[in-house]
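What follows is a short report on a single structure.
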Amino acid sequence: MGDGKPTVYEQALLDGLRARVDKVTPQQLSGNDAPHASEALGVEAIFAALFLAENPGDATPPAEAQKALDRMWALQLREGPGRGAWAWNSYDLDPWEMPESTFYGAALAALATGIAPPEYRNRPDVRERIAELIAYLQRDSPKQPLHNRLALLWASTRLPDVLSASMRRVIIDEVWQRQQPDGGWNLESLGPWKKRAQASPSPGSNSYGTAFTAFVLQTAGVVRSDSRLIRALDWLKSHQDHQFGYWAAESMNKRYETGSMPSLFMRDAATAFATFALLAAGEPGQSDYVKW
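With my numbering, the residue at position 122 of the sequence shown is 122, and numbering never jumps.
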């Protein structure tokens with residue numbers, strides 16, 4: 001959030017990732033070799049590279065950040081339809097753990113790559129891996145839901161080669177076309193998604209969909225004075241819970257018990273991206289209720 005130092009919670013997360021950066025097999029990470037263990041390793045490798053590259057400490061890059069990036073590339077898939085991407089959690093859960101979510105993970109890997117220092121990206125071995133990543137993202141982009149292509153747009157702000165200028169324009173135009181009359185975005189507008197009979201109805205604009213979209217649009221260069229963006233930000237400000245500070249959002253997959261950890265995933269994501277979107281718009285005083 002732009003603070004000078006990580007919070008105690010952020011520091012604990014970063015310390016944990018640094019402590020595990022040498023784990024390069026599913027067995028080392030989780031104690032077994034089951035398929036989901038390989039997926040978990042791919043997920044952690046990408047997030048560790050992203051978070052440690054974003055929080056480099058004093059060195060440029062520090063040993064742990066470089067190890068995390070090197071591990072990420074070592075785990076990149078070298079063959080098959082996912083060549084250039086990584087194993088990624090697939091639990092039949094939208095929006096982040098579906099078979100197509102491999103693309104979302106690869107977009108985050110591109111974001112991490114763009115954050116890394118130029119001297120790291122220019123290493124010949126890394127350039128080769130980046131080329132494979134870009135080829136995968138360009139190959140699979142047309143069949144992805146808009147949500148995942150928004151992640152690619154986000155990545156392009158740090159690694160421009162993943163998207164041509166014309167394709168950036170296509171994605172942004174599609175996003176505006178799908179904006180709802182009230183200024184937000186509903187979940188359907190970021191799909192297509194799998195139909196979920198057990199999910200709670202989600203009519204109208206959605207906190208997660210609006211927050212993620214408004215944040216990415218600003219990182220992609222949409223100016224604060226754009227009337228469409230103003231409407232999106234106004235929607236976010238009007239839908240924050242004024243008692244507890246969060247933005248409510250329910251699971252896209254099923255109804256969970258109130259207060260259970262799975263019931264909070266979408267709410268937490270919506271709250272994080274809504275906060276980033278409002279701060280990016282230069283509104284640090286947008287609410288007295290954001291609590292961390």
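For glycine and all other residues, C-beta sits at the position ideal for the given N, C-alpha and C.
DSSP places M261 inside the alpha helix (DSSP H), whose first and last residues are 261-280.
The alpha-carbon separation between Q76 and R127 amounts to approximately 13 Å. Per DSSP, reduced to three states, the secondary structure at Q76 is coil, with no helix or strand assignment.
For R231, the closest of R168, L153, L217, T7 by C-alpha to C-alpha distance is L217.
In the three-state scheme derived from DSSP, where H, G and I count as helix and E and B as strand, W88 is classed as coil.
Under the Cβ criterion (8 Å, minimum of three pairs), the region 206-222 counts as touching the region 271-279. In its chain, beyond the 5 residues on either side, G184, W185, A232, W235, L236 have a beta carbon closer than 7 Å to the beta carbon of T210. When secondary structure is reduced to three states using DSSP, E250 falls in the coil class, being assigned neither helix nor strand.
Taking 4 residues as the shortest admissible run, the region 124-150 contains the following complete alpha helix (DSSP H) segments, listed from N- to C-terminal end: 124-140. By the C-beta criterion, the region 148-167 is judged to be in contact with the region 107-121, since at least 3 inter-stretch pairs fall below 8 Å.
The residues Y120, in chain order, have a CB closer than 8 Å to that of Q66 in the same chain once the five nearest residues on each side in sequence are set aside.
Cβ atoms of L190 and P145 come within 8 Å of each other, at about 6 Å. For L93, DSSP records a beta bridge to E97. Sequence-distant partners of D140 (beyond 5 residues in either direction) whose C-beta falls short of 6 Å from its own C-beta, in its chain, are F103. According to the DSSP assignment, H36 belongs to the alpha helix (DSSP H) that extends over 35-54. Taking one beta carbon from each stretch, the region 222-231 and the region 194-203 have fewer than 3 pairs nearer than 8 Å; the two do not touch. Cβ-Cβ distances below 6 Å link S263 to Y256 in the same chain, with the five nearest sequence neighbours on each side left out; the list follows chain order. Setting aside the 5 residues that flank it on each side, T271 is surrounded in the same chain by Y246, W247, each with a C-beta closer than 7 Å to its C-beta; the list follows chain order. Here H147 has P95, L190 as same chain residues with Cβ atoms under 6 Å from its own Cβ, once five neighbours each way along the sequence are excluded. Taking the C-beta atoms as reference points, I46 is found no nearer than 8 Å to W73. Around the beta carbon of E64, a 10 Å sphere encloses 16 or more other beta carbons of the protein chains shown; the residue is thus reported as buried. In this structure, the alpha-carbon of A165 lies about 38 Å from that of K23. Bridge partners of Q240 according to DSSP: W247.
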